Amino acid sequence: MKINSFNHVNINPYTKQSQQYSKNEEKMKQSDEIQISAEAKELQSSQQFSVSRQDKIHEIKTQIDSGQYQPDAREVARKFYQFWNN
Numbered sequence: 001m002k003i004n005s006f007n008h009v010n011i012n013p014y015t016k017q018s019q020q021y022s023k024n025e026e027k028m029k030q031s032d033e034i035q036i037s038a039e040a041k042e043l044q045s046s047q048q049f050s051v052s053r054q055d056k057i058h059e060i061k062t063q064i065d066s067g068q069y070q071p072d073a074r075e076v077a078r079k080f081y082q083f084w085n086n
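Here the UniProt record's numbering is used: position 61 in the sequence shown is 61, and no number is missing along the way.
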């Protein structure tokens, strides 16, 4: 009985696996690149202001707790008026 070696290359599963491995290596060699949008930069800079805002909030909370906080009613009304008219 004679066995023919017809399509012998397609039978070996390791050749396909090695071909896929070489393709994956090529993909891994590519480097990633990142770009930060203008909105993200603006958001990042606004977080710096939030630290000073937190300090101001903490100061007002301590004044409220001690009973020393006296807001100016006219200034509060003026700010409400500006907010709702803009």
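Even for Gly, the Cβ is constructed at its ideal location relative to N, Cα and C. Treat the numbers as computed from the prediction; the structure is a model and nothing was measured.
- DSSP, reduced to helix, strand and coil, places Asn-86 outside both helices and strands of the structure shown, so it counts as coil.
- Rounded to whole angstroms, the separation of the alpha carbons of Glu-33 and Lys-56 is 39 Å.
- For Ser-52, the uninterrupted alpha helix (DSSP H) segment begins and ends at 38 to 66.
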